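Just so you know, the sequence shown maps onto residues 761 to 915 in our numbering. Don't be surprised by glycine CBs; every beta carbon is placed ideally from N, CA and C. No experiment lies behind these values; they were computed from the predicted model shown. These notes concern the structure reproduced below.
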Amino acid sequence: MPATTQSILDTRRHQMFPILEPAEIERVRRFGKVRAYRTGEALATVGEVGLGLTVILAGKVDITQRHESDRSTPIVTHEAGAFMGELAQLAGRPALVDAHAQGAVEALESEVKNVFVTDGACMTSSACQNPSLTYMALTARATAFAVEELKRGSL
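Structure, rendered in structure tokens:
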């Protein structure tokens, strides 16, 4: 019997869609407000600017990609502990996907004007060079920007 090959989505799902532990959720709770959603209500809509970061506390949220024909393709269903915050929304740009409550949902919503992402997600991987110095440079640049914004009173 031939072995079945799993898709990259199946083998790396835990990396692409991590689940926060209860202690992690408690640490971020002070940065947001809890909001309830009814069945079918939108948490994010393609083309609209959202808050930025949403942690699902209870219930399920369907994430879909909308096509020109108004047909939607499912991407993932988030459950308690999952979070939404695509880079577009973290940067204050319109959402690239739709997110709708599948039943009653409770979510922690947080504006992320003072959150800076400084990991290597923006870079392709390379086996020939160590990217650590680039990560450090990205972090130093973000830190310098944050300090200047604090001095101006913008953060």
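Chain-order list of residues whose beta-carbon lies under 8 angstroms from that of residue i (same chain, five-residue window excluded)
| i | result |
| --- | --- |
| arginine 853 | Val809 |
| leucine 893 | none |
| glutamate 786 | none |
Top-ranked residue by Cα proximity to residue i, from the options
| i | options | result |
| --- | --- | --- |
| threonine 824 | Ser870, Val865, Ala855 | Ala855 |
| alanine 840 | Glu784, Ala902, Phe905 | Glu784 |
| leucine 803 | Glu846, Thr899, Leu769, His774 | Glu846 |
| threonine 837 | Ser829, Val865, Gly812 | Val865 |
| alanine 818 | Met776, Gln775, Val857, Pro782 | Pro782 |
| valine 806 | Ser832, Phe777, Pro891, Arg787 | Ser832 |
| methionine 916 | Ile835, Arg795, Glu801, Glu828 | For the chain, the structure presents residues 761 to 915; residue 916 sits outside this window and is missing. |
| glutamine 849 | Leu910, Tyr895, Leu813, Arg912 | Leu813 |
Distance between residue j and residue i (C-alpha atoms, nearest Å)
| i | j | result |
| --- | --- | --- |
| arginine 826 | leucine 780 | 27 angstroms |
| histidine 860 | glutamate 871 | 19 angstroms |
| valine 821 | glutamine 862 | 5 angstroms |
| threonine 799 | phenylalanine 843 | 18 angstroms |
| glutamine 766 | proline 778 | 19 angstroms |
| glutamate 828 | lysine 793 | 34 angstroms |
| glutamate 908 | proline 891 | 26 angstroms |
| phenylalanine 721 | alanine 904 | Residue 721 cannot be examined here, being either before or after the span of the chain that is shown, 761 to 915. |
| aspartate 770 | arginine 912 | 46 angstroms |
CB-CB length for residue i against residue j, believed under 8 angstroms
| i | j | result |
| --- | --- | --- |
| tyrosine 797 | alanine 897 | About 40 angstroms; that fails the 8 angstroms criterion. |
| valine 815 | valine 857 | About 17 angstroms; that fails the 8 angstroms criterion. |
Own chain residues within Cβ distance below 6 angstroms of residue i, not counting five before or after
| i | result |
| --- | --- |
| leucine 811 | Glu869, Glu871 |
| glutamate 801 | Ala861 |
task: Starting from the N-terminal side, write out each stretch of the alpha helix (DSSP H) that is 4 residues or longer and does not extend beyond the segment 792 to 880.
output: Considered as a whole, the segment 792 to 880 harbours 847 to 850 as its complete alpha helix (DSSP H) runs of no fewer than 4 residues, in chain order.
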